[in-house]
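A.B. asks:
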Amino acid sequence: MRRSWTLSGRLALATLALAGFASGARAADEEIQVYMDEMNKPGGYGLDVHLNYVPQGRGPDVDYAGQMTSERRWRITPEWSYGLTDNLELGLYLPLLTVDPKGGAEWGGVKGRIKFIAPKPQDSPFFWGLNFELGRVRRELDINPWNAELKGIAGYRTGPWTLAGNLNVDWMVSGPDHTPVSYQLATKVSYALREDLALGVENYNDIGAGDRFGRFGESNQQVYLVADKSFGRWDVNLGAGYGYGQPEDRWVLKAIVGVPID
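Just so you know, we're using the working numbering here: the sequence shown kicks off at 53 and counts up by one.
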């Protein structure tokens, strides 16, 4: 979901997006996505808007005093991106917004990323890369304000099929709770019905933290039915997810809207 667009268009959309968003246990993640090999061209800009809603989630049983609950809460996050080279891309999640059940909007923080996709022969079905994120969020979202993530990216395309996976390694950078490194495996299998429509399944499986590795039944596990659809120059990923194991959220709805502005 990457498009090129002008500076005036970017500023106009940012203004409209911020105005619209302002009107409108843990909250759902700001981004529910399996990373693949999409990249902006060098010098090209892009915007994906992530929208996640929890109709049934974690209630008042929170991990620490003041933690934000998730049920009936929106996460709305514009992801701005810029292509540095054919293989490097910068990204900025700004702003991280949450909207409570009464429609009140709250600033959640900011995250930055750098993504690398390895060069490959034009006809190769395989791709791989890395993505690094560093962000600061409000205490209501995470007791440790500064956190980082390293994401391994791998995938394979053959005919109408796409298989992709991410190994995510998350750790705290600073904060009062010195939690161990945690791991998540995110996977996607999709089938293209036609050029502008694909259906698939995404899984997000917490493998566990360094001191409780592999205890899947004690960790958050989610499966999503997803559709990827193009509407002209707009791209949309829609998904409905169900949490099992010991989930933070039982049901989650998500959308990622790729916005074209020239």
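Glycine included, every Cβ here is placed at the ideal spot set by N, Cα and C. All values derive from a computational prediction rather than experimental measurement.
Three or more C-beta pairs under 8 Å: does that hold for the segment 141-156 against the segment 164-175?
C.D. replies: At 8 Å Cβ cutoff, the stretches touch.
A.B. asks: Specify the secondary structure class of ASP152 as computed by DSSP and reduced to three states.
C.D. replies: Coil.
A.B. asks: In the structure shown, what three-state DSSP assignment does ARG191 receive?
C.D. replies: Correct three-state label for ARG191: coil.
A.B. asks: Quick one: residues in its chain with C-beta nearer than 6 Å to the C-beta of LYS93, no 5 flanking neighbours on either side, listed in chain order?
C.D. replies: Cβ neighbours of LYS93 beyond the five flanking positions: GLY135.
A.B. asks: What ranges does the alpha helix (DSSP H) occupy inside the segment 192-220, keeping only unbroken runs of at least 4 residues that lie completely in it?
C.D. replies: The segment 192-220 contains no whole alpha helix (DSSP H) run of 4 or more residues.
A.B. asks: With DSSP collapsed to three states, give me the class of MET91.
C.D. replies: Three-state result, MET91: coil.
A.B. asks: Is it the case that the Cβ atoms of GLY293 and TRP286 are separated by a distance below 9 Å?
C.D. replies: No; because the gap between Cβ atoms is not below 9 Å, this pair is not in contact.
A.B. asks: Kindly indicate which three-state DSSP category ALA246 falls into: helix, strand or coil?
C.D. replies: Contrary to the premise, residue 246 reads as Arg rather than Ala in this sequence. Here ARG246 sits in strand by DSSP.
A.B. asks: Apart from the five residues just before and just after ALA307, which ones in its own chain have a Cβ nearer than 6 Å to its Cβ?
C.D. replies: Once the five neighbours on either side are set aside, the close Cβ partners of ALA307 are LEU103 and LEU290.
A.B. asks: Go through the segment 115-186 residue by residue and report every complete run of the beta strand (DSSP E) that reaches 3 residues or more, in order.
C.D. replies: Runs found: 126-135, 140-151 and 157-169.
A.B. asks: Please look up how many angstroms separate the CB atoms of ALA238 and GLY204, rounded, as I've assumed it's under 8 Å.
C.D. replies: That pair is no contact at about 10 Å.
A.B. asks: Taking the straight line between their C-alpha atoms, what separation do you get for PHE179 and LEU149?
C.D. replies: Near 32 Å, if we compare the C-alpha coordinates of LEU149 and PHE179.
A.B. asks: Ends of the beta strand (DSSP E) at ILE308?
C.D. replies: Counting along the chain, the beta strand (DSSP E) containing ILE308 begins and ends at 301-310.
A.B. asks: Specify the secondary structure class of PRO232 as computed by DSSP and reduced to three states.
C.D. replies: Here PRO232 sits in coil by DSSP.
A.B. asks: Buried or exposed, going by whether 16 or more other CB atoms sit within 10 Å of the CB of LEU99?
C.D. replies: Buried, by the Cβ-count rule.
A.B. asks: Answer yes or no: do MET88 and LYS240 have a C-beta to C-beta separation smaller than 9 Å?
C.D. replies: Yes, the pair counts as a contact, with Cβ atoms nearer than the cut-off.
A.B. asks: Please report the distance separating the alpha-carbon of VAL189 from that of GLY227.
C.D. replies: Cα-Cα distance, rounded: 11 Å.
A.B. asks: When you compare the CB positions of GLU141 and ILE169, do they come within less than 9 Å of one another, or not?
C.D. replies: Yes. Within cutoff.
A.B. asks: Is ALA279 near ALA250, with beta carbons less than 9 Å apart?
C.D. replies: It is a contact, given that the beta carbons lie within the stated cut-off.
A.B. asks: Please state if the CB of ALA261 and the CB of THR214 are separated by a distance shorter than 9 Å.
C.D. replies: Cβ atoms of THR214 and ALA261: not closer than 9 Å.
A.B. asks: Do TYR235 and ASP222 come within 9 Å of each other at the CB atom, strictly closer than that value?
C.D. replies: Yes, they are a contact pair.
A.B. asks: List the endpoints of the continuous beta strand (DSSP E) containing VAL278.
C.D. replies: 272-283 is the extent of the beta strand (DSSP E) around VAL278.
A.B. asks: Just verifying my parser: in three-state terms, what is the DSSP assignment at ARG288?
C.D. replies: Arg is not the amino acid found at residue 288; the sequence shown has Val there. VAL288 falls in the strand class under three-state DSSP.
A.B. asks: Between THR81 and MET120, what straight-line distance do the alpha-carbon atoms span, to the nearest angstrom?
C.D. replies: The question names Thr, but residue 81 is Asp in the sequence shown. Roughly 12 Å between the two C-alpha positions.
A.B. asks: Please return the same chain residues whose Cβ sits closer than 8 Å to the Cβ of TRP159, not counting the five positions on each side in sequence.
C.D. replies: Closer than 8 Å at the Cβ level, and outside the excluded window around TRP159, lie PRO147, LEU148, LEU149 and ARG190.
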